[in-house]
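Undergrad: I have a structure I would like to understand better, so I am pasting it below and will then ask my questions one at a time.
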Amino acid sequence: MAYHDPGEADPLSLHGVVPPTVTAFAEDESVDYEQTAAHARFVVDRGVHGVFPLGTNGEFALLTDDERDRVVEAVVDEVGDEVPVIAGVGAPSTRRTVARAEHAEAVGADGVVVVTPYYYPLDDEAYLEHYRQVADAVSLPVYVYHIPSRTGNAIPLSTLDELAAIDNVVGVKDSSKDVPWLAQAIDANPDMTFLAGSDSLCFTGLEIGCSGMVSAVANAVPELVVDLYEAYDGGDEERARELQSRTFAVRDAFKSGGGYMSGVKSALELRDFDAGPLRSPLRAMTDDEQATLRDRLEELEVL
């Protein structure tokens with residue numbers, strides 16, 4: 009067994025590249041469910057190992073509960089027979105989170121990703137009770153989504169140890185960018201699956217024991233990140249390092265105007281995939297910003 013294999017507690021054995029797929033919008037910012045499903049198809053046809061609708065890239069916090077439910081249905085219907093679909097179901101309240109998780113299970117999602125509740129600060133018992141209630145409500149595997157820079161809530165390592173003891177809580181998608189935290193979490197919980205949640209840490213995550221990565225770059229250039237994972241998995245660490253360097257550069261290019269989520273949708277447009285605008289108050293790249301992005305991605309030979 010390789011150190012970067014999934015945890016034995018994880019029935020899905022999540023590994024490889026799992027993009028946080030985008031939510032496509034029409035020009036009036038209504039959700040385009042057909043195109044949202046088509047984006048899942050876009051990445052699956054290019055070799056990814058799973059999909060994660062309604063992550064940060066899926067603009068989940070800007071959607072209504074009904075819209076979120078319909079996004080999960082659309083993605084499951086399109087690719088659910090081919091790769092694991094782990095649906096983002098997190099919300100500030102436990103009640104809403106449980107409802108979204110129950111719906112995801114009912115429509116055939118393979119697992120649920122539960123971002124730590126945000127806005128209000130939580131203590132250890134609040135974390136534990138929240139995840140207990142979600143895990144009790146569904147029979148699906150539950151993956152903790154740790155992104156303290158966005159939620160304001162960082163999970164202490166001692167609390168994660170207690171979360172790992174909850175039935176159904178089988179993995180962590182870590183976007184903290186805190187490598188010592190992640191390394192210690194992996195070391196203390198070898199039966200759990202860990203996914204690196206930042207494109208800056210694809211290679212590093214694999215080195216310290218993650219089984220894969222949730223990659224925003226893979227939303228637009230899945231081939232690059234799939235090649236990185238497969239090189240590492242095949243024992244060619246030198247090539248994996250080179251591909252990580254290119255991933256750094258692509259990530260930086262995405263962030264050159266309007267934020268990286270704007271860059272992802274603009275890069276998709278440059279690849280002849282129209283995911284529409286972002287939902288306000290997020291904004292798309294300007295024409296000048298997109299022209300700069302095109303030049304940079306052409307230099308990097310990823311278009």
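All residue numbers for the sequence shown refer to my numbering, where the first residue is 9 and numbers rise by one.
Quick reminder that beta carbons are idealized off the backbone N, C-alpha and C, glycines included.
If the criterion is Cβ atoms closer than 8 Å, does the pair G205 and S183 meet it?
TA: yes
Undergrad: Which of the three DSSP states, helix, strand or coil, is assigned to M221?
TA: strand
Undergrad: How would you call P129, buried or exposed, if buried means at least 16 neighbouring beta carbons within 10 angstroms?
TA: exposed
Undergrad: Answer with buried or exposed for R158, where buried requires no fewer than 16 other C-beta atoms within 10 angstroms of its C-beta.
TA: R158 should be labelled exposed.
Undergrad: Kindly list the residues whose CB is nearer than 8 Å to the CB of V79, restricted to its own chain and excluding five residues on each side of it in sequence; keep chain order.
TA: For V79, where only same-chain residues beyond five positions count, the Cβ hits under 8 Å are T31, V39, Y41, T44, P61, L62, G66, L71.
Undergrad: Which residues in the same chain as V115 place their Cβ atom closer than 7 Å to its Cβ, once the five residues preceding and following it in sequence are excluded?
TA: So the list reads V80, E81, V84, once near-sequence residues are dropped.
Undergrad: Going by the DSSP bridge assignment, what does D182 pair with across the sheet?
TA: H154, A204
Undergrad: Quick check on the DSSP output: the alpha helix (DSSP H) that includes A299 runs from which residue to which?
TA: 295–307
Undergrad: Using the C-alpha atoms, what's the distance from G98 back to R104?
TA: Cα to Cα, the separation comes out at about 8 Å.
Undergrad: Is A162 helix, strand or coil when you go by DSSP?
TA: coil
Undergrad: Whole-angstrom Cβ separation of V26 and V59, contact assumed at under 8 Å?
TA: 7 Å
Undergrad: In whole angstroms, what is the alpha-carbon distance linking D296 and P28?
TA: 27 Å
Undergrad: I174 to M293, Cα distance in whole Å?
TA: 43 Å
Undergrad: If you compare alpha carbons, which of A275, A112, G217 is closest to Q192?
TA: G217
Undergrad: Who pairs with A95 in a beta bridge, going by DSSP?
TA: V120
Undergrad: With a CB to CB cut of under 6 Å and the five nearest residues on each side skipped, what residues in its chain are close to N161?
TA: By the criterion of a C-beta distance shorter than 6 Å, N161 is surrounded in its chain by T124, L130, once the five residues flanking it on both sides are discounted.
Undergrad: Nearest to V272 by alpha carbon, out of D207, Q252, S253, R249?
TA: D207
Undergrad: Pull the bridge partners of G24 from the DSSP assignment, please.
TA: G220
Undergrad: With respect to the alpha helix (DSSP H) encompassing F256, which residues constitute its N-terminal and C-terminal limits?
TA: Element bounds for F256: 245–262.
Undergrad: According to DSSP, F33 sits in a beta bridge with which residue or residues?
TA: V39
Undergrad: Run through DSSP, which three-state label would V229 get?
TA: coil
Undergrad: For D280, count neighbouring Cβ atoms within 10 angstroms of its own Cβ and tell me buried if that reaches 16, exposed if not.
TA: exposed
Undergrad: Which one of S270, I194, R140, D118 has the shortest CA to CA distance from V106?
TA: Out of S270, I194, R140, D118, R140 has the C-alpha closest to the C-alpha of V106.
Undergrad: Which same chain residues end up closer than 7 Å to S21 when comparing Cβ atoms and leaving out the 5 residues on each side of it in sequence?
TA: P14
Undergrad: Go ahead and pull the three-state DSSP assignment for V59.
TA: Strand, per DSSP.
Undergrad: Quick test of your reading: F33 and P285, contact by CB under 8 Å. State the CB separation rounded to the nearest angstrom.
TA: 6 Å
Undergrad: So, is D144 buried or exposed, given that buried needs 16 or more other C-beta atoms within 10 angstroms?
TA: exposed
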